[in-house]
Amino acid sequence: MTGNAFDPLPLPSGVPVPMYFCDDPCKIAKSDEHATYRQRYWMCSNFVFEPTLRQRRINMLTPPPLCDFEQWIDTEINPEDKEFLEYMLRWDAERKEMYEKRLREEAAKKEHKEEEERRRVAPNREEREKKLERARRAKAVTEENPDTLRKGK
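The numbering of the sequence shown is our numbering, which starts it at 12 and goes up by one.
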């Protein structure tokens, strides 16, 4: 079952429903922000555009609010929610550390592989340079004395 972003949360008992500036029906929302995580508050249905999960993924722009009325119901974060939030922050820090460690390991592995390749190619390069130098000297001798090629016949 999928929910609508505008489905109202259950009304808390004993809390009077406030009046809004635009006379539209009110609704209860829960905060997703760190400082007020899962605290309930009254808000106007016109206050903010609540995008669906798909719209959030594609960064859909939010329209400006028609009515900016807000009134908090809960003034403190529930201890279980606070514990969960701290757990998620620790998990995120661990995940970030693991990611950075993996990047460092991959960079070290790549550097090691490049160093091995340089070591493997170095003797071949030296041999090639020696052969090239020998060919240059032979060419220089040939250019100085063109008869040296004919003597071999």
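Cβ atoms here follow ideal geometry from the backbone N, Cα and C, with glycine treated the same way.
Sheet register partners of Gln-82 (DSSP bridge):
Sequence index remark: in the sequence shown, residue 82 carries index 71 (1-based). BP columns for Gln-82 point to Trp-53.
Could you give the distance in angstroms between the alpha-carbon of Tyr-10 and the alpha-carbon of Arg-65?
Since the first residue shown for the chain is 12 and the last is 164, residue 10 is missing from the structure and cannot be characterised.
Does the Cβ of Ala-104 have 16 or more other Cβ atoms within 10 Å, making it buried, or fewer, making it exposed?
Within the sequence shown, numbered from 1, the residue matching residue 104 stands at position 93. Exposed: under 16 other Cβ atoms inside 10 Å.
Output the distance between the C-alpha atoms of Arg-147 and Thr-153, rounded to the nearest integer angstrom.
Start at 1 with the first residue of the sequence shown, and residue 147 comes out as number 136. Start at 1 with the first residue of the sequence shown, and residue 153 comes out as number 142. Taking the straight line from one Cα to the other gives about 10 Å.
How big is the Cα-Cα spacing for Glu-165 and Glu-144?
Limits of the chain in this structure are 12 at one end and 164 at the other, which puts residue 165 out of reach.
Assign Cys-33 to one of two classes, buried (16 or more other C-beta atoms within 10 Å of its C-beta) or exposed (fewer than that).
Taking the first residue of the sequence shown as 1, we reach residue 33 at position 22. Result: exposed.
Please classify Met-99 as buried or exposed, where buried requires at least 16 neighbouring CB atoms within 10 angstroms.
In the sequence shown, the residue the question calls residue 99 occupies position 88. The residue in question, Met-99, is exposed, as its Cβ has fewer than 16 Cβ neighbours within 10 Å.
Distance, Thr-47 Cα to Leu-96 Cα
Within the sequence shown, residue 96 is the residue found at index 85, counting from 1. Within the sequence shown, residue 47 is the residue found at index 36, counting from 1. Their Cα atoms are separated by approximately 11 Å.
Which runs of the alpha helix (DSSP H) fall wholly inside the region 74-159 and span at least 4 residues, in chain order?
90-155
Ala-118 to Lys-124 span [Cα, whole Å]
Within the sequence shown, the letter at position 107 stands for residue 118. Within the sequence shown, the letter at position 113 stands for residue 124. Each residue's Cα considered, the two are about 10 Å apart.
If you draw a straight line from the C-alpha of Lys-112 to the C-alpha of Ala-40, how long is it?
Reading the sequence shown from its first residue, position 101 is the one you call residue 112. Reading the sequence shown from its first residue, position 29 is the one you call residue 40. Each residue's Cα considered, the two are about 39 Å apart.
Exposed or buried, Trp-53, counting other C-beta atoms within 10 Å across all chains shown (16 or more means buried)?
As a first step, residue 53 is located in the sequence shown; it is residue number 42 there, counting from the start. Result: buried.
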